[in-house]
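Engineer: In my numbering, the protein residues as written are 8 to 274.
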Amino acid sequence: MSLLKVSELGKSFGGVKAVDGISFELAPGELLALIGPNGAGKSTTFNMVNGQLKADRGSILLDGQELVGRKPREIWRMGVGRTFQIAETFASLTVVENVQMALLSHDHRLFSTWRRAADHKREEALALLDQVGMKSQADRPCSVLAYGDVKRVELAIAMANSPKLLLMDEPTAGMAPKERNSLMALTKQLVIDRGMAVLFTEHSMDVVFAYADRMIVLARGRLIAQGKPLEIRDHPKVQEVYFGSGKTFEKIAEKAAAVNAAVGENA
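1. Please state whether DSSP places E32 in a helix, a strand or coil.
2. Going by beta-carbon coordinates alone, are M141 and A163 separated by less than 8 Å?
3. Apply the 10 Å Cβ neighbour rule to T120 and answer buried if 16 or more other Cβ atoms are within range, or exposed otherwise.
4. Suppose only complete runs of 3+ residues qualify. What are the beta strand (DSSP E) ranges in the region 154 to 199, listed by chain order?
5. Which residues in the same chain as I93 place their Cβ atom closer than 8 Å to its Cβ, once the five residues preceding and following it in sequence are excluded?
6. Over what stretch of residues does the alpha helix (DSSP H) that includes R240 continue unbroken?
7. What are the boundary residues of the alpha helix (DSSP H) that V56 is part of?
8. In whole angstroms, give me the CA-to-CA distance for V87 and V56.
9. Would you identify the three-state DSSP class for F216, choosing helix, strand or coil?
10. Which residue wins for smallest C-alpha separation from D220, given the options R80, P236 and R227?
11. Candidates R227, A25, Q233 and I239: which alpha carbon is nearest P44's?
12. Apply the 10 Å Cβ neighbour rule to D213 and answer buried if 16 or more other Cβ atoms are within range, or exposed otherwise.
13. Go through the region 60 to 87 residue by residue and report every complete run of the beta strand (DSSP E) that reaches 3 residues or more, in order.
14. Along the chain, where does the beta strand (DSSP E) that runs through A226 open and close?
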């Protein structure tokens, strides 16, 4: 059964079709990669799913409930999470405080002075940090963390609303290969443990081929292919529009296989 069902989704800007009638589904326990060249419509699609943009046409169903027309906050409370960069204004807060703020926001609880709220949700926040391997650094300021650790904290924050669906827009951007693989392996484990689904965009194709269960490919706002990684690798239209040649895909597939083997050895 599908958790997310997108049907004939469309969005135009000034007469230009940024997204042109795309349809796809996403099941619980699945990582679905949304890929395509720059200007393909990936970000527009993401922003329609989370309510930042309203679709001109089409439908977005989450567990049978329509998302089109709802505000981002309402969609978030319905179980759609999204990873965001930690804002500079919160970088001076500790790791656990950042997660606590997300938990308090989900529960409609606001406090005039953060320190008065310091004990609220702490244990719950620590449990989330434990899941992403950051509990030992809970009381450190986010400003002193390594980049890869910041990404783990951002993932914990995104889990604060116990999402059914997690949206990740280029989650490994700026990360070294080892950090990328560590973050995506963690994400995949969370998907398995929680039974949620992940829709993510990613420019690093070795990450996509190593961790995505399925892929959908956009070009100029249209969905040109969807399927399992090996099906996408061999898809002639994808090779022509997105990569230009199958040789690129072959190298990527080899690299992804090596990543999977390394992950299996370390499991």
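By construction, the Cβ of each residue, glycine as well, lies at the ideal position given by its N, Cα and C atoms.
Structural biologist: Taking the definition as stated:
1. strand
2. yes
3. A caution first: T120 carries a pLDDT of 46, below 50, which makes its placement in the model too unreliable to give a value.
4. 172 to 176
5. N105, C149, V157, V160, E161 and I164
6. P236 to R240
7. K49 to V56
8. 9 Å
9. helix
10. P236
11. R227
12. buried
13. 64 to 69
14. R221 to A226
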